[in-house]
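Everything below concerns the one structure shown next.
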Amino acid sequence: MSSTTEQIKEKLSIVDVISDYIKLEKAGSNFKARCPFHHEKTPSFFVSPTRNTYYCFGCGAKGDIFSFVEHFEGIDFKGALRQLAGKAGVEIVYEQREDKEGKQKLFDMLEETTKFFENNLTEQKDAIAYLRDRKLKDEFKEWFRVGYASDSWDALCNYLKERGYTEEEMLKAGLIKRGEKGVYDTFRSRIMFPITDTTGRVVAFTGRIFPNNDKIAKYLNSPETEFYNKSKILYAFDKAKISIRKSNFSILVEGQMDVLMSHQAGFRNTVALSGTALTAHQITMLKRLSNNIVLAFDGDKAGIASAGRSAEMALAARMDVKVAEMQEGVDPADLVKEDPRKLKEAVRNSVHIITFYLDMLQRQHENKRAFNKAVEETVLPFVARIESRIDQMHFVSEIARKLGIPEEAVLAEVEKIAVPEDKHLPEEETKEVGLLTRKERDINMLFGILFSLPEIDKVDVDEKDLTKRIQELIGKERFDEFSKHPERFEDETRFNIEEYQGEKQLKDKIDTSLKGLKLELLIEEQNTLHDKLKEAEAAKDEEKYKKIAKQYIDISKQIESLK
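Counting in our numbering, the sequence shown runs from 37 upward without gaps.
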C-alpha cells in the first residue's frame with residue numbers, strides 16, 4: 037500500500053488536488069486560502085508545493101493530499117486512496133487479504149448489485165421507453181447508472197448468492213429483508229437509482245415504482261446502514277462537487293430525476309436531498325465548495341415548506357440562499373423535459389429566500405393585516421438568521437417598504453427573535469474542528485518564528501530579545517517546557533521560513549503576535565479578578581473588594597490600550 041501512496045504523491049501536486057476544492061492564491065513560495073475546515077474571514081490556510089503539505093494557523097488542520105481529501109470529503113483513508121488513485125491513474129495493489137474483507141466486501145457487493153440492475157434495464161423496453169418519454173438521454177442514464185429491479189421476490193438474492201455473498205451481508209447492506217417465510221429482495225418492479233458517497237462508491241439505492249401502482253409507495257429508499265446515512269448523503273455530490281466550486285454555487289433539488297435532467301440541461305452543480313430537509317452535515321459539504329446555494333424545489337406547498345426548512349439551516353451557516361421559483365406542481369425535471377432553457381431562466385432569475393417569501397405572501401394575502409402577520413411569522417425569522425448586519429438591514433428596508441411601516445419597527449421585531457450568540461451555526465459544524473484559541477495561535481506563531489530564525493537569511497531579529505519577551509509573557513518555566521518540544525511547532529516553523537523572508541514583514545508578525553498574546557493573557561487575568569470580585573462581594577469583605585477592584589480597573593485600562 038505504501039508504494040501505491042508514494043506513486044500517487046509523485047503524480048499529484050497538492051496544489052492541483054486542493055485547488056479542485058477551494059480557490060488558492062499565490063503567497064510567496066506557497067499558496068493561501070480561507071480554511072475550508074472552519075469559518076474565517078481572512079486566509080490562514082497555507083499550502084506548500086515544495087513539501088506537499090498544508091497547514092492552517094487558525095484551527096491547526098494539517099497534512100498531505102490524503103488527509104485533506106479524508107477531512108474535506110468526510111471519508112476514511114481507503115476512500116481517499118481510491119479517489120486519488122483514480123485521479124492519478126494509479127492501480128491500487130492491496131497487500132493484505134483483509135482489505136478485501138468486511139466493509140470492502142459490502143462495497144463490492146453493492147457494486148455487483150448496481151451492475152445487476154443496469155443489465156436488467158437493457159431488457160425492460162417499457163422502462164426504457166418511460167425514461168425516453170421523460171426526455172432523459174441515454175448518456176445521462178448510463179452516467180448515473182440507472183437500472184431496474186424486476187418483479188421477482190428473490191432474483192437479486194439468488195444472483196448474489198451465486199457470487200459468494202451471504203444473506204447476512206445482503207441484510208447488512210439493506211438489499212434484502214427478512215419476513216415470516218424467509219428473505220426477499222428489498223426492491224422489486226422499480227427503476228433503480230444508485231446512491232453514491234463522495235468518492236463515487238455505491239452505498240444505497242432509490243427505487244421508483246414501475247409500472248405505476250397506486251397501492252405501493254412511489255419511491256423506496258434503502259434503509260440506513262453503517263455506510264449510508266441519508267442525513268449525510270447528497271445524491272450526485274460526487275459528480276457535482278467540482279462544478280459547484282467552479283461555478284461558485286450549488287443547486288439543490290428534491291428528486292433523482294430532477295438531478296439527472298438538471299445535469300443534462302448543463303447544470304452539473306446540482307445535487308438532491310434524500311427525503312429530509314437540509315442537514316448540518318450536508319450544509320458543511322456544500323459550504324466548503326461555495327457559500328451560495330439555489331433551491332429549486334417543486335412549486336407546491338410541500339416544496340415551498342421544504343425550501344423554508346432548508347433555507348433556515350443554510351442561513352444559519354452564513355450561506356447566501358436563493359430560490360428558483362417554480363409553478364405549482366412543476367419541478368426541474370418537468371422544466372427540462374418541456375424546454376431546457378426554462379430551467380436556465382428559472383435559475384438565472386432566482387431571488388433571495390426572503391424576497392421570494394415576501395412576494396409569495398403578498399400574492400396570497402389581499403388583507404394588509406393578514407399579510408403583515410404572515411411576514412412577521414414567516415419572513416422575520418430568516419432575517420434574524422443572517423449574521424451580516426449590512427445584509428440584515430438591506431432586508432429590513434425591503435420588508436419595511438413592502439409593509440409600509442418604519443424600518444425601526446421591523447428591526448425591533450427582528451431583534452426580539454435574534455439567534456443567540458454561538459447558536460447560529462448547525463451543531464455538527466461547530467463540533468467538526470477544534471479551533472485554536474487566540475492565545476494558542478500566538479504562542480504557536482512566536483515559537484515557530486523563534487525556531488525558524490536560524491534558517492531565515494538576512495533578517496535583523498535579536499533571538500535573545502525575542503526569547504526574553506516571550507518569557508516575560510508566559511514565564512520561564514512554560515517557555516522551557518515548550519522549547520523542549522520543537523516538533524510541536526514544526527508546521528509553523530517551516531511555513532515561517534518560507535513566508536517571512538522579508539525583515540519588516542517578519543518583525544510586524546512578531547509584534548502582532550506578542551501584542552495578541554499579551555492581550556489574551558490580560559483578559560484571562562481580568563476574568564479571574566472578576567470571579568474574585570464576586571467572591572469578595574458575597575463574603576462582604578469590603579477591604580478585599582476594593583483591592584481587587586483597583587487591580588481590575590488597572591488591567592481593564594491596559595486591555596483598552598492594547599485594543
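Beta carbons are placed, not taken as given, at the ideal position from N, Cα and C, and that holds for glycine. None of the values given here were measured: they were computed from a predicted structure.
Going by C-alpha positions, Ala352 is about 11 angstroms away from Thr315. Contact check for Val330 against Ala360 passes: the beta carbons are separated by less than 8 angstroms. With a threshold of 16 other beta carbon atoms within 10 Å, Thr242 meets it and is buried. The secondary-structure analysis by DSSP pairs Glu198 with nothing; it has no beta-bridge partner.
Put simply, of Tyr393, Gln140, His521 the residue whose alpha carbon is nearest the alpha carbon of Lys208 is Gln140. Ranking Thr391, Met355, Met362, Glu523 by CA distance to the CA of Phe285 puts Met355 first.
The beta carbons of Ile58 and Tyr90 sit no closer together than 8 angstroms. Inter-residue distance for Val419 and Glu434 is about 11 angstroms (C-alpha atoms, whole angstroms). Beta bridge pairing from DSSP links Val330 with Ile287, Lys358. In the three-state reduction of the DSSP assignment, Tyr220 falls in the strand class, which pools E and B. Rounded to whole angstroms, the gap between the alpha carbons of Leu296 and Leu172 is 8 angstroms. The three-state reading of DSSP puts Tyr57 in coil, since its state is none of H, G, I, E or B.
Within the model, the alpha-carbon separation for Phe67 versus Thr86 is close to 11 angstroms. The residue from Leu447, Pro490, Ser488, Leu482 with its alpha-carbon nearest to that of Ile510 is Leu482.
Counting only residues of its own chain and dropping the five nearest sequence neighbours on each side, Asp567 has no CB closer than 8 angstroms to any other CB. For Gly243, the enclosing beta strand (DSSP E) has its first and last residue at 238 to 245. The C-beta separation of Ala382 from Leu371 comes to about 6 angstroms, placing the pair in contact by the 8 angstroms criterion. Taking C-alpha positions only, Phe82 is separated from Ser342 by approximately 38 angstroms. Here Asn385 has Ala360, Glu361 as same chain residues with Cβ atoms under 8 angstroms from its own Cβ, once five neighbours each way along the sequence are excluded. Under the three-state reduction of DSSP output, Pro259 falls in the coil class, being neither helix nor strand.
Ranked by how close their Cα comes to the Cα of Glu476, the residues Phe263, Thr306, Lys554 have Lys554 in first place. Nearest Cα to Ala332 within the set His317, Ser592, Lys378: Lys378. DSSP lists no beta-bridge partner residue for Arg281. Rounded to whole angstroms, the gap between the alpha carbons of Arg70 and Lys323 is 12 angstroms.
If you look at Ile231, you'll find it isn't in any alpha helix (DSSP H); it sits in the beta strand (DSSP E) that goes 226 to 232. About 5 angstroms separates the Cβ atoms of Asp336 and Glu364, confirming a contact at the 8 angstroms cut-off. Counting C-beta pairs with one atom in each stretch, the segment 226 to 236 and the segment 267 to 276 have three or more that are closer than 8 angstroms, which means they touch.
With 16 or more other Cβ atoms from the protein chains shown falling within 10 Å of its own Cβ, Asp294 counts as buried. Restricted to the segment 375 to 423, the alpha helix (DSSP H) segments that are unbroken, complete and at least 4 residues in length are 376 to 384, 389 to 400, 404 to 414, 416 to 421, listed in chain order. Judged by their CB atoms, Asp190 and Tyr220 are nearer to each other than the 8 angstroms cut-off. One Cα belongs to Arg226, the other to Arg168, and the distance between them is close to 16 angstroms. By alpha-carbon distance to Ile479, the top candidate from Asn257, Thr548, Glu412 is Thr548. Between the alpha carbons of Val307 and Ser346 lies a distance of about 14 angstroms. Shown here, Val366 sits in coil according to DSSP, grouped into three states, outside any helix or strand. In the three-state reduction of the DSSP assignment, Gly96 falls in the coil class, being assigned neither a helical nor a strand state. The alpha-carbon separation between Asp144 and Pro230 amounts to approximately 14 angstroms.
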